[in-house]
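Peer 1: Under this note's numbering, think of the first position of the sequence shown as 1, with each following residue one higher.
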Amino acid sequence: MNQSLSSFVLPEPPIALIANGCATQPVATSVQAAVEAGIRWVHLRDHEAEPERFQQDAQALVCRVQAVQPSVTFTVNTRLEVARMLNAGLHTGWRGPRPEAVTAPVPHPLGYSVHHLLELPAPRWRAVDYVTYSPVFPTSSKPGHPGTGTAALRRFCAQAGLPVVALGGITPERVAGCYQAGVRGVAVLSGILHAHDPGTAAAAYLNAWRTASRK
């Protein structure tokens, strides 16, 4: 891997809220609360929604959020045509198109989910703007997986040559360790969406990132 880091700059602050099940009203309400608290990157994902429903509800959520904060960056999970329609970024992995196979117009930012460097062959490495690395810590989405820990995350960041976003079991208390390992951002799902008060939870992550990045 190229050892020089990409010049791509993640949204600021670089905390991606994974709006899993975004085609539902409770998730939309939580996303709005998080954006009001300062989140500026929302990742739209719903594996269960039919294509037409996902497109309609994703568009409605984007309009709702932009009415609150126009500067939010949106990325769409795997659904290329929806990303293009919304003028949003695209994030893919084992689901969805291979990044190196996406033809113009290519959505940006273009992200890819990885678990080790073998998933980043040169054509894919050159195509993407950033990668998510997971799971760093135990998470309910991957039951039985102990998480790789921050030592493995550090090794990955040192070799990736791309901005790395840590994913999986990230809590506000773990943000500093991820930052020290070399990540450019973190991605959060249940820590915000499933919190009793999503706005307060989002603020805790934002404060943790700002504190870590100032040291």
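For each residue, glycine too, the CB sits at the ideal point set by N, CA and C.
As the structure is a computational prediction, the values presented were derived from the model and not from experiment.
Could you tell me the alpha carbon to alpha carbon distance between residue 202 and residue 39, rounded to whole angstroms?
Peer 2: Here residue 202 corresponds to residue number 202 of the sequence shown, with the count starting at 1. Here residue 39 corresponds to residue number 39 of the sequence shown, with the count starting at 1. Their Cα atoms are separated by approximately 7 Å.
Peer 1: Does residue 46 pass the burial test, meaning 16 or more other C-beta atoms within 10 Å, or should it be called exposed?
Peer 2: In the sequence shown, counting from the first residue as 1, residue 46 sits at position 46. When all chains shown are included, residue 46 counts as buried.
Peer 1: Mind checking residue 77: buried by the 16 CB within 10 Å criterion, or exposed?
Peer 2: For the purposes of this step, residue 77 is taken as the residue at position 77 of the sequence shown. Residue 77 is buried by the Cβ-count criterion.
Peer 1: Near residue 99, which residues of its chain fall below 7 Å by C-beta distance, leaving aside the five closest residues on each side in sequence?
Peer 2: Within the sequence shown, residue 99 is the residue found at index 99, counting from 1. If we look at residue 99 and ignore the five residues flanking it on each side, its Cβ neighbours are 92, 110, 112, 124, 127 and 128.
Peer 1: Could you spell out where the alpha helix (DSSP H) holding residue 166 opens and where it closes?
Peer 2: Position 166 of the sequence shown, counted from the first residue, corresponds to residue 166. From DSSP, residue 166 is part of no alpha helix (DSSP H) but of the beta strand (DSSP E) over 164-167.
Peer 1: Distance, Cα to Cα, residue 102 vs residue 88?
Peer 2: By one-based count along the sequence shown, residue 102 stands at place 102. By one-based count along the sequence shown, residue 88 stands at place 88. Cα to Cα, residue 102 sits roughly 14 Å from residue 88.
Peer 1: Go ahead and pull the three-state DSSP assignment for residue 16.
Peer 2: The count along the sequence shown starts at 1 and reaches residue 16 at position 16. Looking at residue 16 - three-state DSSP - the assignment turns out to be strand.
Peer 1: Quick one, are the C-beta atoms of residue 178 and residue 170 less than 8 Å apart?
Peer 2: By 1-based counting over the sequence shown, the position of residue 178 is 178. By 1-based counting over the sequence shown, the position of residue 170 is 170. Taking 8 Å as the Cβ cut-off, residue 178 and residue 170 qualify as a contacting pair.
Peer 1: In chain order, which continuous runs of the alpha helix (DSSP H) of length 4 or greater are located wholly inside the region 60-141?
Peer 2: Those alpha helix (DSSP H) runs which fall completely within the region 60-141 and span 4+ residues are 80-86 and 122-127.
Peer 1: Quick check on residue 23: does DSSP put it in helix, strand or coil?
Peer 2: Numbered from its first residue, the sequence shown carries residue 23 at position 23. DSSP places residue 23 in coil when its eight states are reduced to three.
Peer 1: Using the rule of at least 16 other Cβ atoms within 10 Å of the residue's Cβ for burial, across every protein chain shown, is residue 181 buried or exposed?
Peer 2: If you number the sequence shown from 1, residue 181 lands on position 181. It counts as buried.
Peer 1: Please confirm whether residue 82 and residue 72 have their CB atoms less than 8 Å apart.
Peer 2: The residue given as residue 82 occupies position 82 in the sequence shown. The residue given as residue 72 occupies position 72 in the sequence shown. Taking 8 Å as the Cβ cut-off, residue 82 and residue 72 do not qualify as a contacting pair.
Peer 1: With a threshold of 7 Å, establish whether the CB of residue 146 neighbours any heavy atom of the ligand MG.
Peer 2: Questions concerning the ligand MG fall outside what the structure shown contains, since it holds no ligand whatsoever.
Peer 1: Just verifying my parser: in three-state terms, what is the DSSP assignment at residue 210?
Peer 2: Counting from 1 along the sequence shown, the entry for residue 210 is found at position 210. Residue 210: helix per DSSP, three-state reduction.
Peer 1: May I have the straight-line CA-CA distance separating residue 115 from residue 131, to the nearest angstrom?
Peer 2: To locate residue 115, count along the sequence shown from 1; it is residue 115. To locate residue 131, count along the sequence shown from 1; it is residue 131. Taking the straight line joining both Cα atoms gives about 10 Å.
Peer 1: Can you tell which of 172, 183, 207 and 208 has its C-alpha closest to the C-alpha of residue 191?
Peer 2: Residue mapping note: residue 191 aligns to position 191 of the sequence shown, counting from 1. Residue 191 has its Cα closest to that of 172, out of 172, 183, 207 and 208.
Peer 1: For residue 147, collect the residues of the same chain with a Cβ closer than 8 Å to its Cβ; drop the 5 residues on either side in sequence, then sort them by chain order.
Peer 2: Stepping through the sequence shown from its first residue, residue 147 is reached at position 147. Once the five neighbours on either side are set aside, the close Cβ partners of residue 147 are 135, 136, 137, 138, 139, 168 and 169.
Peer 1: Using alpha carbons as the reference points, say which of 11, 49 and 13 lies closest to residue 20.
Peer 2: To locate residue 20, count along the sequence shown from 1; it is residue 20. It is 49.
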